[in-house]
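To start, the structure itself, in C-alpha cells.
There are 2 protein chains.
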Amino acid sequence: MTRVVILAGGTGGAKLAQGLQTVLPAGDLTVIANTGDDVERHGLLVMPDHDAVLYMLGGRFDHERGWGIADETWAVMDGLKAYGEEGWFGLGDRDFATHIARTARIRRGETVTDSVLALQAAVGMPSRILPMTDEPVRTHVLTDQGWLEFQEYFVHRHQAPDIRDVRFEGIETARPTAAVRAALAAAELIVVGPSNPIVSLGPILALPGLADAIGAARERGVTVMTVSGIVGGRALKGPADRMLVSLGHESSATGVATLLAPHTDLFVLDTVDAAAEPAIAALGLWTHVTDTIMADDAGRARLAADLLAAAAAVANGEAR
Amino acid sequence: MTRVVILAGGTGGAKLAQGLQTVLPAGDLTVIANTGDDVERHGLLVMPDHDAVLYMLGGRFDHERGWGIADETWAVMDGLKAYGEEGWFGLGDRDFATHIARTARIRRGETVTDSVLALQAAVGMPSRILPMTDEPVRTHVLTDQGWLEFQEYFVHRHQAPDIRDVRFEGIETARPTAAVRAALAAAELIVVGPSNPIVSLGPILALPGLADAIGAARERGVTVMTVSGIVGGRALKGPADRMLVSLGHESSATGVATLLAPHTDLFVLDTVDAAAEPAIAALGLWTHVTDTIMADDAGRARLAADLLAAAAAVANGEAR
Chain A
-11 MTRVVILAGG TGGAKLAQGL QTVLPAGDLT VIANTGDDVE RHGLLVMPDH DAVLYMLGGR
49 FDHERGWGIA DETWAVMDGL KAYGEEGWFG LGDRDFATHI ARTARIRRGE TVTDSVLALQ
109 AAVGMPSRIL PMTDEPVRTH VLTDQGWLEF QEYFVHRHQA PDIRDVRFEG IETARPTAAV
169 RAALAAAELI VVGPSNPIVS LGPILALPGL ADAIGAARER GVTVMTVSGI VGGRALKGPA
229 DRMLVSLGHE SSATGVATLL APHTDLFVLD TVDAAAEPAI AALGLWTHVT DTIMADDAGR
289 ARLAADLLAA AAAVANGEAR
Chain B
-11 MTRVVILAGG TGGAKLAQGL QTVLPAGDLT VIANTGDDVE RHGLLVMPDH DAVLYMLGGR
49 FDHERGWGIA DETWAVMDGL KAYGEEGWFG LGDRDFATHI ARTARIRRGE TVTDSVLALQ
109 AAVGMPSRIL PMTDEPVRTH VLTDQGWLEF QEYFVHRHQA PDIRDVRFEG IETARPTAAV
169 RAALAAAELI VVGPSNPIVS LGPILALPGL ADAIGAARER GVTVMTVSGI VGGRALKGPA
229 DRMLVSLGHE SSATGVATLL APHTDLFVLD TVDAAAEPAI AALGLWTHVT DTIMADDAGR
289 ARLAADLLAA AAAVANGEAR
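Here the protein sequences line up with chains A and B, keeping their order. Heads up: the first sequence at position 289 corresponds to 277 in my numbering, and the numbers run straight through without jumps. Heads up: the second sequence at position 74 corresponds to 62 in my numbering, and the numbers run straight through without jumps.
What follows is the structure in C-alpha cells.
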C-alpha cells in the first residue's frame, strides 16, 4: 500500500506530504493541490498552495516565516514597489523565479499541470504535485465588507474579517485533470490532509467529478484517511477555526469529521482530542488517535509512518 | 532651443542623453529609443535600449559591466536556471523588476509606450523615453550560420559572426507612435545619437513615416545634428565597426556621415578624426569637431553643452 495520494492546501497538508515523501518509495507520492488560492500578481501566475508543497517537498520552505523559500532576498519586490506596483503580496526573489518560469511555460502554450510538472522535474522532485484542475478556480469570501478575493482577505486584510460565505468562482465548469483522475484511479491510499477544510480542501472536494473519483476508489477497497487540522479546538495555522464557527460548524475534530465524513473512512485526531473519539466513531468512521503535531522533519516522518500503519490496519480489517 | 529629441540605441546614445538631461531644463529632453533589440525572455518583454536609457538617465546604469543596473543581484536568474530556463541572457533581480512591471501593465491592456511612461513617472524621471513604435519590430542579422535573432547574435554568440545582411521584421506594418510624432513636431533640435548606425539607428530611421517626420521638422528650420559613434575608425563599444565594413561601408566618421547624410544637417566628429572634416563637409553637411569621448557624468554634460552651442551656431547661421 505505497501508492499514496494526498489532498493538500498550503501548510498542514504540505507538511504531512513531506513526511509521506520521507517514508514512501520515491515516486509513490502524489499531491493533489488546491488551486482556489491561485492568483495573478504582476502578470504572473502565483500558486500559493502548489508552491508551499513544492518548497516543502524540496526542503526549501521557510518554516520560520511560514511561507515562501528560506533565505530569501527581496530585490524584485523592492523594484516593483518603486515602479508603483502594489506591495502587500510579498514575493521573494527565489519565489519570483518559480512564478516567472511557470508563467513563461504557460505563455508558450503549456497547461498549468505541464508547467508545474516541468518545474518539479527540473529540481528533481521525487513526488508529483498535481494542480486539482487546469481551469481557473478562484476562491472568494463574503465578509462584512462584501465579497473579497481570497488573497485580499488572507494576506492584505490579515484574515481579520469574519467569513459569512465562501464561493469558488469557475468551479462549475472546471474539471479534475486527466493526471488527477489517473492518480486517484491508481491510488492504494487516499489521504485528506490536515488543511483548512473550508478553503483548502473545500475547492478540491467541490470540483465536479473529483468526489466521484474518490468514491470510485473507495468502491474498489481504497481507504480514505482524513487527518484533522483542528487540534484542541484551534487551527495550528491560519483562520480555519474562526472560519468553521462563523460558517455554523464546530471548531473541533468532531466538526471537521462531521464536515468531511461523506468522503472519509478513517479519521485521525490528535491525542488532546481523544475524548471526541466516540462522537466521531458514531459518525460511522474508523478512528485513529495519535500525536498529529509535526514540529520538524523527524516529526513529519514519524506521523506519516504512524498514519500508514493505521491505514494498513483498517485495510486489513484489524482496526477496531 | 531647449526642446531636444535624441534618437538613441543602448549605450553611446544613452550616455549623450544623460549629458543632455543634465544641461537642459527638466522635461525638455525626449529620447526616441530603438525597439528592434527588444525580445521576449521568460515570458517578459525585455527592452535593452529603452532600459539602458532608463537606467542611465536614472543614474542606475552599471558603467563597469556596460549594461543593466549597478549593484545587481542574481537570485531570480539562478532560480530560473535551476528550473531549466536558458541562462545566457543575463538579467539581474532589479532589472527583472522592470520587465515584470512593464509586462504586467501590457497584460492589463496598456500600450508599450504607456507602460514605460508609467515606469518612468514612478521613478521620477525628468525626461521622457519613447519607444519608437508600439508594434513589434525585431532585428535579425544574416551570418554564415544563417539568420539569427539580434540578441542571439549580440549576447549568445558574443557578436562573433560577421554580418552579411540585416532585416527589421515587422517594420513594414509598424508606425511611429503618436507620442513620437508629437515629440518630433515640437522639437527645436533633433540629435541622432552616437549609437550603432546599422542596428540601433537603422530601425528608427527605417520606420515608415519617421524619416518624413524628421524631414518635416527640418523644413520648418529644425537642425538635425548627428554624432559619430565611430572614433578613430573604431566603435567605442559593440560591433558597429565590423558591421559597417562587412556590409560594405567604411568604418570611419566619413562612413557614418555618408550613411546618415540624408537625415543630417550638422555632423559631429571627434578631434582624432579632424582630417576627415573636408570629406564630410563635401557631403553637404555642416561639421563640428570636438572631443566626443564621455568618460563620466561631467564628460557627458560637457559634450552635451558643447553640442547645444554648436547646433545653436548652425541655427543662427554662425557656423562655417
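From the three backbone atoms N, C-alpha and C, an ideal C-beta is built for every residue, glycine too.
Beta carbon proximity, residue i to chain A, threshold 8 Å
{"i": "I117 of chain B", "result": "no"}
{"i": "I88 of chain B", "result": "yes"}
{"i": "L224 of chain B", "result": "no"}
{"i": "R152 of chain B", "result": "no"}
{"i": "A299 of chain B", "result": "no"}
{"i": "A106 of chain B", "result": "yes"}
{"i": "A174 of chain B", "result": "no"}
Buried/exposed call for residue i, threshold 16 Cβ in 10 Å
{"i": "H146 of chain B", "result": "exposed"}
{"i": "T310 of chain A", "result": "Residue coverage of chain A in this structure runs from -11 to 308, which leaves residue 310 of chain A outside it and unanswerable."}
{"i": "R320 of chain B", "result": "No information on residue 320 of chain B is available, as it lies outside the stretch -11 to 308 that chain B covers here."}
{"i": "P119 of chain B", "result": "buried"}
{"i": "E160 of chain B", "result": "exposed"}
{"i": "D16 of chain A", "result": "buried"}
{"i": "A283 of chain A", "result": "exposed"}
{"i": "G80 of chain A", "result": "buried"}
{"i": "T(-10) of chain A", "result": "exposed"}
{"i": "A259 of chain A", "result": "It is Thr, not Ala, that sits at residue 259 of chain A in the sequence shown. Burial call: exposed."}
{"i": "A2 of chain B", "result": "buried"}
{"i": "P250 of chain B", "result": "exposed"}
{"i": "A148 of chain B", "result": "exposed"}
Where residue i falls: helix, strand or coil (DSSP)
{"i": "P250 of chain B", "result": "helix"}
{"i": "D258 of chain B", "result": "strand"}
{"i": "L311 of chain A", "result": "As shown, chain A starts at -11 and ends at 308. That puts residue 311 of chain A outside it, with no answer to give."}
{"i": "F77 of chain B", "result": "coil"}
{"i": "L17 of chain B", "result": "strand"}
{"i": "T91 of chain A", "result": "helix"}
{"i": "T(-1) of chain A", "result": "coil"}
{"i": "P149 of chain B", "result": "coil"}
{"i": "A299 of chain A", "result": "helix"}
{"i": "L172 of chain A", "result": "helix"}
{"i": "M213 of chain B", "result": "strand"}
{"i": "T86 of chain A", "result": "helix"}
{"i": "L271 of chain B", "result": "coil"}
{"i": "E265 of chain B", "result": "helix"}
{"i": "T61 of chain A", "result": "coil"}
{"i": "P119 of chain B", "result": "strand"}
{"i": "A228 of chain B", "result": "helix"}
Residue i beta carbon near the ligand GDP (any heavy atom closer than 7 Å)
{"i": "R82 of chain A", "result": "For the structure depicted, the ligand GDP is absent and the ligand set is empty, with no information on it obtainable."}
Interface residues of chain B facing residue i [CB-CB closer than 7 Å]
{"i": "R82 of chain A", "result": "A63 and G67"}
{"i": "R95 of chain A", "result": "G31"}
Contact check, residue i vs residue j, beta carbons under 8 Å
{"i": "H144 of chain B", "j": "W55 of chain B", "result": "no"}
{"i": "I88 of chain B", "j": "V104 of chain B", "result": "no"}
{"i": "L107 of chain A", "j": "Y141 of chain B", "result": "no"}
{"i": "L193 of chain B", "j": "A201 of chain B", "result": "no"}
{"i": "A241 of chain A", "j": "A223 of chain A", "result": "no"}
{"i": "A298 of chain A", "j": "L254 of chain A", "result": "yes"}
{"i": "G(-3) of chain B", "j": "D50 of chain B", "result": "no"}
{"i": "T252 of chain A", "j": "L273 of chain A", "result": "yes"}
{"i": "T214 of chain A", "j": "V302 of chain A", "result": "no"}
{"i": "T86 of chain B", "j": "D122 of chain B", "result": "no"}
{"i": "G78 of chain A", "j": "R126 of chain A", "result": "no"}
{"i": "A204 of chain B", "j": "G217 of chain B", "result": "no"}
{"i": "D132 of chain A", "j": "D153 of chain A", "result": "no"}
{"i": "V(-7) of chain A", "j": "A289 of chain A", "result": "no"}
{"i": "V41 of chain A", "j": "A14 of chain A", "result": "no"}
{"i": "F82 of chain A", "j": "A63 of chain B", "result": "As written in the sequence, residue 82 of chain A is Arg, which differs from the Phe given in the question. For R82 of chain A and A63 of chain B, yes; Cβs fall inside 8 Å."}
{"i": "P182 of chain B", "j": "T280 of chain B", "result": "yes"}
9 Å Cβ cut-off: residues of chain B touching residue i
{"i": "T91 of chain A", "result": "H30, G31 and L32"}
{"i": "G7 of chain A", "result": "Under the 9 Å cutoff, chain B gives no residues; its nearest Cβ is about 25 Å from G7 of chain A."}
Contact list for residue i against chain A, beta-carbon separation under 8 Å
{"i": "V111 of chain B", "result": "A70 and Y71"}
Residue i at chain B interface by Cβ criterion, 8 Å
{"i": "A58 of chain A", "result": "no"}
{"i": "A40 of chain A", "result": "no"}
{"i": "A85 of chain A", "result": "yes"}
Chain B contact residues for residue i, given Cβ-Cβ distances below 8 Å
{"i": "A21 of chain A", "result": "In chain order: nothing, as chain B lies at least about 18 Å away."}
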